[in-house]
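A.B. asks:
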């Protein structure tokens, strides 16, 4: 399996799903949880766009921040927690840690700090 196929597979099944499961949603209003669920499903759909290194860069630098913008507007703290988890788990992947994608994810994380 090549690096891009592996990344595509692991991005959703490891990074996105684990980042979602690790969130503490206690006390979060149901309408915000619904927004989170919608955003996470849209991010999962980005998997199909990861077909090359260049497309992975586009997903990390353009598509992902665009999807997260909605959540950030509704609940900035929840958006930060999710993206922090997402970046943490993606950086554990050698397909990310050993590539320029690492820089793009760290850039994304920085954009979610106050």
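Residue numbers (full-length UniProt numbering): 1 to 114.
All C-beta atoms, glycine included, are put in the ideal place defined by N, C-alpha and C.
(1) Would you report the Cα separation of residue 92 and residue 83, rounded to the nearest angstrom?
(2) Please list the segments of the alpha helix (DSSP H) lying wholly inside the stretch 30-108, counting only runs of 4 or more residues, in order along the chain.
(3) Leaving out five residues before and five after residue 25 in sequence, what residues of the same chain have Cβ atoms less than 7 Å from its Cβ?
(4) Does DSSP put residue 128 in a helix, in a strand, or in coil?
(5) Leaving aside the five residues before and after residue 56 along the sequence, list all residues of the same chain whose C-beta is less than 7 Å from its C-beta, in chain order.
(6) Which residue marks the beginning of the alpha helix (DSSP H) containing residue 7, and which one marks its end?
(7) Using only alpha-carbon positions, find the residue among 35, 88, 77 and 28 that is nearest to residue 11.
(8) With a 10 Å radius around its C-beta and 16 neighbouring C-beta atoms as the bar for buried, classify residue 1 as buried or exposed.
(9) Short check: CB of residue 111 to CB of residue 76, under 9 Å?
C.D. replies: In this structure, then:
(1) In this structure, the CA atom of residue 92 is about 14 Å from the CA atom of residue 83.
(2) With a minimum length of 4 residues, the continuous alpha helix (DSSP H) runs that stay inside the stretch 30-108 are 30-45, 53-58, 64-74, 76-91 and 94-97.
(3) Answer for residue 25: 33, listed in chain order.
(4) With the chain covering only 1 through 114, there is no way to say anything about residue 128.
(5) Contacts found: 4, 7, 50 and 101.
(6) First-last of the alpha helix (DSSP H) with residue 7: 3-10.
(7) If you compare the alpha carbons of 35, 88, 77 and 28 with that of residue 11, the shortest gap goes to 88.
(8) In this prediction, residue 1 scores a pLDDT of 48, lower than 50, which makes its location untrustworthy; the coordinate-derived value is nonetheless stated afterwards. That one is exposed.
(9) 9 Å or more divides the Cβ of residue 111 from the Cβ of residue 76.
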